[in-house]
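Chains as they are written, first to last, in this note's numbering: chain D, 1 to 523; chain X, 1001 to 1220.
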C-alpha cells in the first residue's frame, strides 16, 4: 500500500509508504537492547533532582558518538522521553519535582499522595506520559513538514507575549489570590534577572557573589523551593499521608493500578489535547516542558467543570501536565530536523550527534534522509510503548515509599537534595543557595504564596530578558513593537482574558454556591 | 444538613473532600452571605494546609503575608538601585519586572494593613516564629545542614553525609542505633558509588574517599 503521508495542499509531501514505516518500526523494536537501558537511566535521572536529561546526554556523548547513528539516537531518545516521566515520581511522592517539567505535577499529585492515593497518582502520571507521548509522536510523524513551519512564526515579539502569557498562568494557578500569585511570579522573575546582562556582561544584583554572575541556577532554586521547604513542613506529621489515609495506602492492591488506568481512560480527551499543547510548545525554541506543563494545567483547570477541585488531589491535575511534558519530546526534534536549529539543549546535543555522523539537517533532510527522520520518531514510538507496558506496573511498589516515617524521610530528603544541588555546576555555594531557597519557600508557604509561581518566574526570567531585549533592540527601544504582529496581538488578548476569566468564574461559582446553600436552608 | 452560624466546624457535605471550609468574606468569623454561611473547597495547592485560625474565627495572623512582599521590594529596590548607571539594555528587563513588583507589593501590604486596621487580622505571626518543638527542630535542622555544607571540604561527601544523617535522624527521634547506622551507612555508600565512582562527580573528597583510593586504587 503506497499511500502517502503528506499534505499536498500545503505543498508538503513526504514519500513514505506504510511498508517503509512498518520496516522502520521493526528495526526500532530490534533496538530494545539499547532502548531499555536508556529508559532505566532516564527514570533514575528524572527521579534525581539536579540530574537533567541534558547533562546526562552530554556525559554519554562519547558513547553515543561511538555507536552507529540509529543506536545512538535510540539511546538518547529513550533517555530523554523517560526523564520527563521520571520527574513526576518524586513530584507525586515527595512534592519535589525531579525535573522542571514536573513542577506542575506537584499541584495535584502530592495532595493525591497525602490522601493515600499515591498509586493511582503514579499510574495517572505514567499512563498520561506514555499515551501523551504516543499520541504526539504519531501526530508529528503524520504532520512533520507542516509542523516544522510553526516555529518560524514565533519571533522575539511573539515569544515575549508567550512569556507574559506564562506569567498570567501564575496568577491563575494561584487562584486563591490573584495578587499573591502575581507577586510570587514577579518575585521569581526578579530572581531570574540576577546575573550579568546578556549584551555587555555587566553584573546585576549579584550581592558580590561571583557564583551568581551566571544567574541563579535553576536546580538549587527548584530543590529549595520545593523539596527543602516541604521537608520543613513534613516533619510536623509522622508520615507523608495522614494517619487515617495510611491504612488506605497500605491496603493498595493491583486493583488500584487498574483504577488509575480507568481514571486515565475517563479523561482520555484531556490526555489528547494537553499533549498537543506540549507538542506545539516543544516546537517553539526555548519554551520547553515547564511552560507546556503549566499551560496545560492552567487550561485543564480553566475549562474544567470543577476547577475548585484542582489543587486538592484531582487526577486531571496530574494527567494534564504529564501528558503535556511528554508531548514536548516529539516537538523538540521538529526544528532540529526541519530547520537545523535546536530549540533547546537536548535538541542541540542530538543535532551534534547527527551532524557528527554526516547528516545535513534542514529542509533537504526530508528529501535525502527521510528514512532517518522517521526512524527516530519510530524509536520514540517504541519507547512509549515499552513505557506503557513496563513502567505502569511499577507504580504499586513505588507508592510504598509513603509508608516510611518522616523521621527517616526528612533527613534523607534534606541531605540528598543538598548534595543534588551541587551536581549542576559543581559549586558548594549552590548547596547553601538551595538551603536559602528552602527558607524562602517555607516562608512563602506560610504566607500562602505559591512556590510554583516563583519557580516558573525563576525559569522564565532569563528567557524573558533574552526575548524582550531582542524585541526592544529591533524596535530601537520602542515598546510598541510588542504589539506589531497579529499573532502577538492575539496572544496579548489571551493574556488579558486569562487574567479576567478567574474573576468571572469565581463570581459565577459564588453565586451558584450561595443559591445552593440558601436553597438548603430554606428546605 | 447545612451548617449554621456559630458552629465550630463546617458540615461535611462531601465526606471525601479534604478541604471543605468556609469561603465567606475573608477574616469574617463564619462570615455569611445574606445571613447564611457559605462553604467551599480551599487548600494552598501544594500542601493542602488550612489555617485553623480561619476556622476558629480568631483574628487572622497576617505577619507572614508581609514577608515575601518585603523581600520582593528589597530585591527589586536593590536591583534598580545598583543598575542605575548601566545602559538601558542592561536595565530594561529589571525595570519592566521590578517596578510592577514593587507596586504590587506595596498595594498588597497596604491591603493587609487595612484589614488589620479594620480588625479582621493581626500583626501576629501565629506559630511561625513561636518557640514550639517543630520550630526548634527546624532551626536545628538548618544548623546541621549548614554545618554539613561548611564542613564538606574537610569531611568529604561520604563521611559528611554519614554524620549529618545520624545527627538529623537522632534529633528527629530515631533511637535505634542499628537503624541509625544502617540507614546512614547505606545512603552514604550509595551516594559514593553512584555519584562519585560511576558518574565521577566532583563532590568534595575526604578521609573516606582517600582511604578507598589508597586501599583499592579507585576514585582517588
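For each residue, glycine too, the CB sits at the ideal point set by N, CA and C. Fair warning: this is a prediction, and the values are worked out from it, not measured in the lab.
Under a Cβ-count criterion, where at least 16 other Cβ atoms within 10 Å of its own Cβ denotes burial, should residue i be classed as buried or exposed?
i: residue 1215 of chain X; result: exposed
i: residue 66 of chain D; result: exposed
i: residue 301 of chain D; result: buried
i: residue 1074 of chain X; result: exposed
i: residue 114 of chain D; result: buried
i: residue 111 of chain D; result: buried
i: residue 1198 of chain X; result: exposed
i: residue 1218 of chain X; result: exposed
i: residue 256 of chain D; result: buried
i: residue 446 of chain D; result: buried
i: residue 364 of chain D; result: exposed
i: residue 476 of chain D; result: exposed
i: residue 1133 of chain X; result: exposed
i: residue 393 of chain D; result: exposed
i: residue 204 of chain D; result: buried
Looking at the secondary structure, which residues open and close the alpha helix (DSSP H) in which residue i lies?
i: residue 95 of chain D; result: Per DSSP, residue 95 of chain D belongs to no alpha helix (DSSP H) and is neither H nor E.
i: residue 466 of chain D; result: 451-474
i: residue 301 of chain D; result: 288-303
i: residue 1072 of chain X; result: 1063-1082
i: residue 109 of chain D; result: 106-114
i: residue 76 of chain D; result: 69-86
i: residue 270 of chain D; result: 268-283
i: residue 1178 of chain X; result: 1177-1191
i: residue 23 of chain D; result: 18-29
i: residue 206 of chain D; result: Careful: residue 206 of chain D lies outside any alpha helix (DSSP H) and carries neither H nor E.
i: residue 1164 of chain X; result: 1157-1171
i: residue 1207 of chain X; result: 1207-1216
i: residue 531 of chain D; result: Residue 531 of chain D lies beyond the stretch modelled for chain D, which goes from 1 to 523, so this question has no answer here.
i: residue 219 of chain D; result: 218-222
i: residue 1196 of chain X; result: Unbroken run through residue 1196 of chain X: none, as it is neither H nor E.
Between which residues of its own chain and residue i is the CB-CB distance below 7 Å, once the five residues before and five after are set aside?
i: residue 71 of chain D; result: 31, 34
i: residue 525 of chain D; result: It is not possible to answer for residue 525 of chain D, since the shown part of chain D is limited to 1 through 523.
i: residue 1034 of chain X; result: Unreliable positioning characterises residue 1034 of chain X in this predicted model, as indicated by a pLDDT of 39, which lies under 50. The coordinate reading is nonetheless provided below. Once the five neighbours on either side are set aside, residue 1034 of chain X has no close Cβ partner at all.
i: residue 1096 of chain X; result: none
i: residue 1091 of chain X; result: 1083
i: residue 189 of chain D; result: 457, 460, 461, 464
Closer than 8 Å by beta-carbon distance: list the chain D residues that pair up with residue i, in chain order.
i: residue 1149 of chain X; result: 418, 428, 431, 432, 435
i: residue 1214 of chain X; result: None at all; the shortest Cβ gap to chain D is about 23 Å.
i: residue 1201 of chain X; result: 422, 423, 426
i: residue 1120 of chain X; result: Those do not exist, as residue 1120 of chain X stays about 15 Å from chain D at its closest Cβ, beyond 8 Å.
i: residue 1206 of chain X; result: Ordered by position in chain D, no residue passes the 8 Å Cβ test against residue 1206 of chain X, which lies about 13 Å from the chain.
i: residue 1130 of chain X; result: Neighbours of residue 1130 of chain X on chain D: none; closest Cβ ~12 Å, over 8 Å.
Cβ closer than 8 Å: which chain X residues qualify as neighbours of residue i?
i: residue 415 of chain D; result: 1145, 1148, 1161, 1164, 1165, 1168, 1187
i: residue 183 of chain D; result: 1068, 1069, 1072, 1101, 1104, 1105, 1108
i: residue 410 of chain D; result: 1141, 1168, 1172
i: residue 179 of chain D; result: 1104, 1107, 1108, 1111
i: residue 215 of chain D; result: The contacting residues do not exist; residue 215 of chain D stays about 12 Å from chain X at best.
Note down, in chain order, each residue of its chain lying with its Cβ closer than 6 Å to the Cβ of residue i, except the 5 sequence neighbours on either side.
i: residue 132 of chain D; result: 271, 275, 323, 326, 327
i: residue 438 of chain D; result: 224, 228, 229
i: residue 221 of chain D; result: 437, 458
i: residue 433 of chain D; result: 220
i: residue 129 of chain D; result: 85, 322, 326
i: residue 104 of chain D; result: 293, 294, 297, 321
i: residue 464 of chain D; result: 163
i: residue 449 of chain D; result: 180, 184
Using a Cβ cut-off of 9 Å, pull out every chain D residue sitting near residue i, in sequence order please.
i: residue 1123 of chain X; result: What residue 1123 of chain X touches in chain D: nothing, since even the nearest Cβ is about 13 Å away.
i: residue 1155 of chain X; result: Neighbours of residue 1155 of chain X on chain D: none; closest Cβ ~12 Å, over 9 Å.
i: residue 998 of chain X; result: Only positions 1001 to 1220 of chain X appear in the structure, and residue 998 of chain X is not among them; the question remains open.
i: residue 1138 of chain X; result: 232, 235, 442
So which residues on chain X does residue i lean against when the C-beta distance must stay under 7 Å?
i: residue 447 of chain D; result: 1064, 1065, 1067, 1068
i: residue 202 of chain D; result: 1086, 1090
i: residue 407 of chain D; result: 1169, 1172, 1173, 1174
i: residue 477 of chain D; result: 1088
Anything in chain D within Cβ reach of residue i, meaning under 7 Å, just list it in chain order.
i: residue 1093 of chain X; result: 193, 464, 465, 468, 469
i: residue 1183 of chain X; result: 408
i: residue 1114 of chain X; result: Neighbours of residue 1114 of chain X on chain D: none; closest Cβ ~13 Å, over 7 Å.
Tell me which same chain residues have a C-beta within less than 8 Å of the C-beta of residue i, skipping the five on either side of it?
i: residue 209 of chain D; result: 429
Along chain X, in chain order, which residues have C-beta atoms closer than 9 Å to that of residue i?
i: residue 199 of chain D; result: 1087, 1089, 1090
Starting from the N-terminal side, write out each stretch of the alpha helix (DSSP H) that is 4 residues or longer and does not extend beyond the stretch 391-429 of chain D.
395-398, 406-423
Continuous alpha helix (DSSP H) assignments of at least 4 residues falling wholly in the stretch 1087-1137 of chain X
1088-1117
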